[in-house]
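**Student:** Numbering (my numbering), first residue to last: 12 to 212.
Ideal Cβ positions, reconstructed from N, Cα and C, are used throughout, including at glycine.
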């Protein structure tokens, strides 16, 4: 598992090797028609199904960072909260990470800044959910952890001095409940760091 925003495993937040066991990872989208990449902060009210999906995918990505921050800052919060923003590989990876951090009495101080969210593509193929053929969105996120520290039970920082303070991650956001919940069923399924990005903190 690669490290997210740090040289140590304490902020690892990318795709792992295990799945949740309850649903297949979403299949990589074939060439599909999708809305142009947008940062939706000033977008008009969505009208098409793709625009609704793009807005929902951006929303869950933003909530994902907030949920992770909260769980790392307060070990009394239930890990079940992760299920509201993640599924499949991403859910399993984050549960492992948080369980490991808590067993080591590590705690986050400060909040992650979500600098920019860009929906790169949307694919609404829902032909075979059991095989991972579900609606997906590809979302790029620029994040900044310059205000974030991870401390041990004695209050000492365990973050590498070489940690990057900002970077980017590409997420696959999937909706395994599209038929029943096309707007609120989106969850982050996988993530991968972008080595080359134009993110500026």
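Tell me, to the nearest whole angstrom, how far the beta carbon of residue 170 is from that of residue 160; I am working on the premise that it is less than 8 angstroms.
**Tutor:** 6 angstroms
**Student:** Compare the beta carbon distance of residue 97 and residue 150 with 8 angstroms and say whether it is the shorter of the two.
**Tutor:** It is not a contact, given that the beta carbons lie outside the stated cut-off.
**Student:** Between residue 172 and residue 178, what straight-line distance do the alpha-carbon atoms span, to the nearest angstrom?
**Tutor:** 16 angstroms
**Student:** Can you name the start and end residues of the beta strand (DSSP E) that residue 180 belongs to?
**Tutor:** 177-186
**Student:** Quick one: is residue 24 buried, meaning 16 or more other Cβ sit within 10 Å of its Cβ, or exposed?
**Tutor:** Low per-residue confidence applies at residue 24: pLDDT is 35, beneath 50, and the placement is therefore not dependable, though the value from the model is reported in the following sentence. Residue 24 should be labelled buried.
**Student:** Exposed or buried, what is residue 202 when buried is set at 16 or more other beta-carbons lying within 10 Å of its beta-carbon?
**Tutor:** buried
**Student:** What separation, rounded to the nearest whole angstrom, lies between the Cα atoms of residue 94 and residue 156?
**Tutor:** 23 angstroms
**Student:** Suppose you measure from the CA of residue 137 to the CA of residue 105; what does that come to, to the nearest Å?
**Tutor:** Here the alpha carbon of residue 137 sits roughly 26 angstroms from the alpha carbon of residue 105.
**Student:** For a cutoff of 8 angstroms on Cβ pairs, would you count residue 185 as touching chain D?
**Tutor:** Annotation note: the requested chain D is absent from the structure, which comprises a single protein chain.
**Student:** Verify whether the separation of the beta carbon atoms of residue 230 and residue 194 is less than 8 angstroms.
**Tutor:** Outside the modelled stretch of the chain, which goes from 12 to 212, sits residue 230, for which no answer is possible.
**Student:** Distance check for residue 89 and residue 74, CA to CA, integer angstroms please.
**Tutor:** 16 angstroms
**Student:** Sort out for me which residues DSSP pairs residue 136 with in a bridge.
**Tutor:** Paired residue(s): none; residue 136 is not in a bridge.
**Student:** Starting from the C-beta of residue 192, find all residues in its chain whose C-beta is less than 8 angstroms away, skip the five residues before and the five after it, and write them out in chain order.
**Tutor:** Within the same chain, residue 192 has close Cβ partners 186.
**Student:** Just mark residue 120 as buried or exposed, buried being the case when its beta carbon has 16 or more other beta carbons within 10 Å.
**Tutor:** exposed
**Student:** Residue 78 and residue 92 look like a contact to me (Cβ under 8 angstroms); what is the Cβ gap, rounded to whole Å?
**Tutor:** About 5 angstroms separates the two Cβ atoms, so the contact holds.
**Student:** Could you check whether residue 147 and residue 180 sit closer than 8 angstroms to each other, using their CB atoms as the reference points?
**Tutor:** For residue 180 and residue 147, no; Cβs fall outside 8 angstroms.
**Student:** Give the DSSP-derived three-state secondary structure of residue 80 in the structure shown.
**Tutor:** In the structure shown, the three-state DSSP call for residue 80 is helix.
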